[in-house]
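Under the working numbering, the sequence shown has 261 at position 261, and the numbering climbs by one with no breaks.
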Amino acid sequence: MSTILQWTTRFFAFIGLTGSTPIARRALSDLNMTRASVDAMMSLYDEATGLWDPNNQGSSWWQSGVALHALVNYMINTGEDDYLSQAINTVEIQRKPLAWWPEGDGEFRADSTDDTGWWALAMTSMYELTSNYEYLEIAKLDEAYMYEYWNTTTCGGGLIWNIPAETYHNAISNELYLELTARLHNLIPGDTTYLQRSLQEWQWFSKSSMINAENLVNDGLTDDAACVNNGRTTWTYNQGVILGGLVELSHATEDSSYLDTARAIADAVIESAELVQDGTLTEPCNTIQDCEPNGTSFKGIFVRELAKLNDALSGHPYAAFIAANAQTAYANARREGTDLYGFKWQGPFDDITIGTQEAAVDLLVAAL
């Protein structure tokens with residue numbers, strides 16, 4: 001059965017449960033929507049810099065790491081390699097020392113631990129795609145760099161986010177580190193170091209209070225001696241990356257309790273009136289203007305990691321949710337006559353950035 005047909009079947013099963021009417025039935029069954037969204041994403045690519053949407057100074061660099069990850073995952077999932085040369089080009093250009101942070105000495109070692117983590121995860125996927133150990137070595141260098149900022153003086157541990165200021169224990173840096181270390185362990189036969197660091201991260205994170213009483217993850221901890229949940233926004237990507245980390249850790253340890261924790265978080269998202277509206281994933285910031293320069297990509301990251309959890313669970317309980325969101329975005333979020341996607345998957349189309357487009361690619365790849 002083709003991937004598009006599998007997607008269509010899952011969606012039709014979902015609408016059969018909800019009584020909804022299928023939209024764009026022919027588009028789902030006959031057209032390669034995922035490839036079209038990737039082609040549209042590549043229209044935002046700049047060969048000279050290796051970045052997507054390079055004029056968006058606020059977020060182009062880290063979001064290009066996310067876009068690279070989305071592109072590589074597309075190639076892994078489909079077996080296509082039409083854009084492999086562009087992926088290689090991006091790595092070769094962007095691995096050089098950063099103009100704004102030469103202290104990192106290149107290899108994606110940035111002035112924040114989360115920006116480093118996005119590129120490091122992309123390197124693990126580049127390794128999975130190409131079997132080229134050079135990409136694995138870059139990911140290992142990035143992990144070592146991130147671990148240098150494991151805090152030994154406040155909050156009982158955890159990575160800090162802002163490297164120059166050496167401040168802020170945020171969720172995303174620690175979630176990325178959890179997923180990166182567990183993934184490195186799973187990719188490297190005989191490893192013990194990365195597994196121990198992944199377990200160290202989870203032991204700290206699970207006790208940090210960042211997971212609130214509703215099983216949702218807030219943005220980080222307070223910058224004071226109390227080191228408690230700061231109650232800030234429950235961004236969708238903070239609910240997502242932790243799922244991928246727990247899936248990798250479950251695989252590493254053969255302990256299904258990590259999947260139970262991940263499922264509790266995923267279920268909390270789907271049950272949240274703020275994060276899911278009329279069945280569609282929704283960011284707490286309501287407009288593209290409110291969410292720029294960073295938040296436009298968050299939903300795609302969540303769905304990418306939700307798909308990872310879905311694949312690890314018997315019965316694939318989130319397949320219908322993912323497929324329904326893909327259908328909604330395809331029907332409502334595209335600019336007319338194109339495969340460029342706006343911010344709100346419910347529509348109408350508002351504007352295009354690399355964040356909105358890579359989110360759509362992550363969504364459509366997840367639905368394959």
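We put the beta carbon where it would ideally sit given N, CA and C, even for glycine.
Environment of residue i [buried if 16+ CB atoms lie within 10 Å]
i      : result
Asp82  : exposed
Glu134 : exposed
Gln357 : buried
Gly190 : exposed
Gly156 : exposed
Arg26  : Note that Arg26 scores 32 on pLDDT, short of 50, meaning its location in the model is unreliable; the coordinates nonetheless yield the value given after this. Its Cβ having fewer than 16 others within 10 Å, Arg26 is exposed.
Trp100 : exposed
Asp53  : buried
Ala226 : exposed
Ala213 : exposed
Gln327 : buried
Val247 : buried
Thr34  : buried
Ala324 : buried
Gln277 : exposed
Glu107 : buried
Asn170 : buried
Thr21  : Any reading at Thr21 must be qualified, since the residue scores a pLDDT of 36, below 50, and its modelled position is unreliable; no value is offered.
Gln63  : buried
Thr296 : buried
Ser250 : buried
Per DSSP, the bridge partner or partners of residue i
i      : result
Asn162 : Ser112 and Thr167
Asp46  : Leu51
Arg334 : Tyr341
Ile352 : Note: Ile352 sits in no beta bridge, so no partner.
Val217 : Ile211
Leu98  : Trp101
Trp150 : Leu159
Leu281 : Val276
Three-state class that DSSP yields for residue i in the structure shown
i      : result
Val276 : strand
Val247 : helix
Ile188 : coil
Val228 : coil
Thr222 : coil
Trp235 : coil
Asn73  : helix
Asp142 : helix
Thr90  : helix
Ala367 : coil
Asn325 : helix
Trp119 : helix
Tyr318 : coil
Tyr177 : helix
Gln63  : helix
Gln289 : helix
Beta-carbon proximity of residue i to residue j, cut-off 8 Å
i      : j      : result
Leu195 : Ala262 : no
Gly240 : Glu305 : yes
Leu187 : Tyr127 : yes
Asp339 : Ala87  : no
Trp202 : Gly158 : no
Leu313 : Leu259 : yes
Ile172 : Asn215 : no
Leu71  : Trp61  : no
Leu141 : Gly245 : no
Glu143 : Thr113 : no
Ser209 : Val228 : yes
Thr353 : Glu292 : yes
Val303 : Met41  : no
Phe321 : Ala333 : no
Thr152 : Ile160 : no
Arg109 : Tyr145 : yes
Selection from the options that minimises the alpha carbon distance to residue i
i      : options                           : result
Ala307 : Gly157, Asn170, Thr49 and Asn77   : Asn77
Asp219 : Phe298, Asp311 and Glu148         : Phe298
Ala329 : Thr280, His316, Val365 and Thr353 : Thr280
Trp235 : Gly244, Val217 and Val276         : Val217
Gln94  : Trp118, Ser314 and Ser272         : Trp118
Leu283 : Leu98, Leu180 and Lys344          : Reading off the sequence shown, one finds Glu at residue 283, where the question assumed Leu. Checking every option, the nearest Cα to that of Glu283 belongs to Lys344.
Thr124 : Thr167, Ser112, Asn73 and Ser257  : Asn73
Ala122 : Val276, Ile301 and Leu275         : Ile301
Asp224 : Ala366, Thr154, Ala110 and Thr181 : Thr154
Glu148 : Asn162, Leu136 and Glu137         : Asn162
Asn369 : Tyr45, Ala67, Asn55 and Glu80     : The requested residue 369 is not part of the displayed model; the chain covers only 1 to 368.
Asn89  : Ser59, Asn55 and Tyr45            : Tyr45
Val66  : Ala273, Pro164, Gly337 and Ala120 : Ala120
Asp111 : Ala367, Pro164, Glu47 and Leu221  : Pro164
Ser43  : Leu249, Tyr341 and Leu364         : Tyr341
Asp351 : Leu363, Glu254, Glu336 and Val365 : Glu336
Leu68  : Leu368, Asn56 and Ala359          : Ala359
Leu275 : Gln346, Pro317 and Leu309         : Gln346
Gly231 : Ile211, Ser257, Leu249 and Thr116 : Ile211
Glu47  : Ser85, Pro102 and Met75           : Ser85
heavy atom of the ligand ZN below 7 Å from residue i C-beta
i     : result
Ser64 : With respect to small molecules bound, the structure shown includes none, and the ligand ZN cannot be examined in it.
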